[in-house]
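Take a look at the structure set out below.
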Amino acid sequence: MDTPQGREPASQPLPPTSGGNDGPSASSAPLAPALRLQDVSVTLGGVSILEHVDATIARGQTTAIIGPNGAGKTTLLQTILGVLPYTGRIEFLDPAGRPTPPRLGYVPQLLNIDRQAALSVVEFMALDTQIRPVWLGISEEVRETAARALDRLEARHLLDRPLGRLSGGELQRVLLAAALHRQPEVILLDEPVSGVDVAGGHLFCDILADLAHDRQLTILMVSHDLSVVTQHASYVLCLNRTITCQGAAIEVLTSERLLDLFGQHSGLYHHTPHRAEHQCSHHHRPTHPPPSPAAHA
1 MDTPQGREPA
11 SQPLPPTSGG
21 NDGPSASSAP
31 LAPALRLQDV
41 SVTLGGVSIL
51 EHVDATIARG
61 QTTAIIGPNG
71 AGKTTLLQTI
81 LGVLPYTGRI
91 EFLDPAGRPT
101 PPRLGYVPQL
111 LNIDRQAALS
121 VVEFMALDTQ
131 IRPVWLGISE
141 EVRETAARAL
151 DRLEARHLLD
161 RPLGRLSGGE
171 LQRVLLAAAL
181 HRQPEVILLD
191 EPVSGVDVAG
201 GHLFCDILAD
211 LAHDRQLTIL
221 MVSHDLSVVT
231 QHASYVLCLN
241 RTITCQGAAI
251 EVLTSERLLD
261 LFGQHSGLYH
271 HTPHRAEHQC
281 SHHHRPTHPP
291 PSPAAHA
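Position 58 of the sequence shown, counted from 1, bears residue number 58 in full-length UniProt numbering, the numbering being contiguous throughout.
Here it is in structure tokens:
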């Protein structure tokens with residue numbers, strides 16, 4: 001995806017790969033890029049939403065986007081998905097660094113559904129995979145495929161549950177299963193645990209971490225919960241219409257940076273970076289890489 005208008009984009013250094021759970025390795029090599037944004041700007045209805053966004057998303061890593069309300073976080077995800085017009089360049093890369101067609105999965109923050117509708121989970125998942133209308137029945141092949149996808153998220157028991165009767169955490173697992181069904185290389189999540197109870201948030205983050213490790217998924221996630229970001233993301237992009245800072249979560253999420261980013265409302269965002277009881281599993285995620293030079297911008 002390339003629209004050449006705008007200034008010459010600056011190249012973005014990649015965060016280095018980590019040396020495992022014992023801490024960053026000084027000799028570790030950089031991670032390969034999966035996604036590169038260069039000078040990306042979005043204007044909607046004459047209003048500038050994003051301005052000159054430059055970022056490189058490392059392959060197989062969880063990168064979080066944080067910022068105040070109205071900063072353009074959801075707009076950035078939608079732009080990467082290709083549903084909004086933009087200027088600049090968005091480039092997806094294969095493991096060898098060559099441009100490649102994107103294979104994306106997406107989990108939205110909200111799914112507007114009729115709580116009284118009779119649509120079941122398996123019927124919902126079949127909408128994207130079965131050619132014939134779901135009201136004519138679900139084929140055994142499609143049903144088994146949906147069941148396997150839910151299995152990976154410990155949610156097979158939801159297969160025949162009406163979609164409108166799911167809890168927030170259950171619905172997020174179903175949406176993630178549907179997104180993973182397309183075998184994406186990059187998955188985008190918009191506030192994945194917003195409105196989910198604490199137990200559901202624990203489970204969702206644990207499952208996501210395991211999937212990322214097992215399938216080498218590249219994860220780009222918007223979150224307002226800084227404890228989730230600190231404990232689950234390896235790299236953080238601070239966004240307020242443009243990238244204001246970026247780097248390892250433990251080095252970016254300082255009181256000074258949060259005050260700069262969120263202003264006087266920074267206290268409204270959950271931030272417990274030194275808490276012993278982690279909300280999200282991080283057994284498989286890399287340790288925090290050193291920040292890029294842009295983190296000091």
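Just so you know, even glycine gets a beta-carbon here, dropped at the ideal spot from N, CA and C.
Small disclaimer: the values here were computed from a predicted structure and weren't measured.
Quick one: using the 10 Å Cβ neighbour count with 16 as the cut-off for buried, is residue i buried or exposed?
| i | result |
| --- | --- |
| S48 | exposed |
| P192 | buried |
| N69 | exposed |
| E141 | exposed |
| T218 | buried |
| A199 | exposed |
| E154 | exposed |
| I131 | exposed |
| S255 | exposed |
| residue 299 | Limits of the chain in this structure are 1 at one end and 297 at the other, which puts residue 299 out of reach. |
| V229 | buried |
| V107 | buried |
| D214 | exposed |
| L158 | buried |
| A248 | buried |
| G45 | exposed |
| L136 | exposed |
| L127 | exposed |
| R59 | buried |
| E144 | exposed |
| R257 | buried |
| L208 | buried |
| A212 | buried |
| Q231 | buried |
| G263 | exposed |
| L237 | buried |
List the DSSP bridge partners of residue i.
| i | result |
| --- | --- |
| C245 | C238 |
| T75 | Per DSSP, none; premise fails for T75. |
| I57 | L35 |
| L44 | V47 |
| I66 | C238 |
| I187 | G105, I219 |
Is the beta carbon of residue i sitting closer than 8 Å to the one on residue j?
| i | j | result |
| --- | --- | --- |
| D54 | I250 | no |
| L180 | A147 | no |
| A64 | A177 | no |
| A118 | N240 | no |
| G164 | I113 | yes |
| R103 | E185 | yes |
| G88 | V122 | no |
| I57 | L35 | yes |
| V109 | Y235 | According to the sequence as given, residue 109 is Gln; it is not Val. Their beta carbons are not under 8 Å apart, which means Q109 does not touch Y235 by this criterion. |
| T75 | L111 | no |
| L253 | L226 | yes |
**OP:** Only counting runs of 4 or more residues, tell me where the alpha helix (DSSP H) segments fall wholly within the stretch 148-183, in order along the chain.
**Re:** 168-180
**OP:** Taking only runs that begin and end inside the stretch 91-147, name each unbroken alpha helix (DSSP H) of 4 or more residues, in chain order.
**Re:** 121-126
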